[in-house]
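Going by our numbering, the first residue of the sequence shown is number 572, and it counts up by one from there.
The beta-carbon is built from N, C-alpha and C at its ideal position, and this holds for glycine as well.
These numbers come from a predicted model, not from an experiment.
Below is one structure, written out as structure tokens, with a few remarks after it.
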Amino acid sequence: MSRSYFTITYLPKNCDVTLLAGRCIGILHGFMNKQSCNHIGVSFPKWTDKDLGNQIAFVSEDKAALKYLSQQNYFEMMAHDKLFEISAIKPVPVDTPEVRIIRDQSLGKLCMGEKRRRMERAKRRAEARGEEYTPQYVPTDTEISAFHKIPIASKNNQNDFVLHLRLEPTDSIQSTFNSYGFATNEVYKGSVPVLAI
């Protein structure tokens with residue numbers, strides 16, 4: 572079955588593209604949970620190692636779901652206020668290279684803020700057991716490829732968090748994504764086309 576996509580371009584100059592991407596992904600997350608589906612993937616047509624770019628794309632074999640997603644209130648309000656430009660739904664060009672955009676939670680564990688939170692949690696647990704906490708430093712030689720961080724606001728428990736995303740080329744087309752529209756290291760292997768627009 573052929574896939575289609577639409578793009579949202581953020582129009583303000585010098586806007587916070589990660590914040591706007593997070594809002595768009597939040598809308599997709601709510602939409603996929605309501606529809607009980609996991610077949611819409613997120614792509615970033617202007618992704619570079621330094622920047623996400625001012626555009627996000629949603630890709631699926633289900634054209635009707637894409638149409639319905641593109642008409643969500645937040646997207647229409649932002650388009651009406653001339654902050655977003657929403658494209659028509661278009662077919663994915665044949666022979667477009669594929670990538671997996673992977674939500675890689677292990678990247679978060681390498682960041683200083685996450686390391687600090689984990690140490691504080693370990694200290695609280697040790698104290699609860701009546702033990703003295705002695706942090707262990709274990710140096711790691713982890714090579715990290717370029718990744719991007721997108722802040723997400725959680726509606727359920729008000730705990731905001733960060734999506735750590737990395738890009739991985741793939742030869743196979745798969746259409747199962749997590750509820751944020753991404754692949755994961757293990758369960759979801761969804762891929763999206765490289766839509767260099």
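(Q) Considering Cα atoms alone, identify which of Ile579, Cys586, Leu590 and Leu582 is closest to Lys720. (A) On the sequence shown, residue 720 is found 149 positions in, with the first residue counted as 1. Considering only Ile579, Cys586, Leu590 and Leu582, the residue with the shortest C-alpha distance to Lys720 is Leu590.
**Q.** Distance, His735 Cα to Gly679 Cα
**A.** By 1-based counting over the sequence shown, the position of residue 679 is 108. By 1-based counting over the sequence shown, the position of residue 735 is 164. Summary for Gly679: the model assigns pLDDT 49, below 50, so the residue's position carries little reliability, and this model does not support an answer.
Q. Per DSSP, which one or two residues make a beta bridge with Val763?
A. As a first step, residue 763 must be located in the sequence shown, where it is residue number 192. Per the DSSP secondary-structure output, Val763 pairs in a beta bridge with Val670.
**Q.** contact_flag[the segment 743 to 758, the segment 656 to 675] where n(CB pairs < 8 Å) is 3 or more
**A.** yes
Q.
Tell me the rounded alpha-carbon separation between Ala767 and Asp587.
A. As a first step, residue 767 must be located in the sequence shown, where it is residue number 196. As a first step, residue 587 must be located in the sequence shown, where it is residue number 16. Ala767 and Asp587: Cα-Cα distance of roughly 21 Å.
Q.
Could you compute how far the alpha carbon of Gln643 sits from the alpha carbon of Ser614?
A. Along the sequence shown, one-based indexing puts residue 643 at 72. Along the sequence shown, one-based indexing puts residue 614 at 43. Roughly 18 Å separates the two Cα atoms.
Q | DSSP three-state assignment for Ser641, whether helix, strand or coil | A | Locating residue 641 in the sequence shown gives position 70, counting from the first residue. Of the three classes helix, strand and coil, the one that applies to Ser641 here is helix, per DSSP.
Q: Give the range of the alpha helix (DSSP H) segment to which Ile596 is assigned.
A: Stepping through the sequence shown from its first residue, residue 596 is reached at position 25. Looking at the DSSP string, the run of the alpha helix (DSSP H) that includes Ile596 is Val588 to Gln606.
Q. How many Å lie between Tyr759 and Tyr645 at the Cα?
A. The sequence position of residue 759 within the sequence shown is 188, counting from 1. The sequence position of residue 645 within the sequence shown is 74, counting from 1. So the two alpha carbons sit approximately 27 Å from each other.
Q) Since Ile657 and Ala650 are thought to touch, with beta carbons under 8 Å apart, how far apart are those beta carbons, to the nearest angstrom? A) Counting from one through the sequence shown, the residue named residue 657 turns up at place 86. Counting from one through the sequence shown, the residue named residue 650 turns up at place 79. 5 Å between Cβ atoms; contact.
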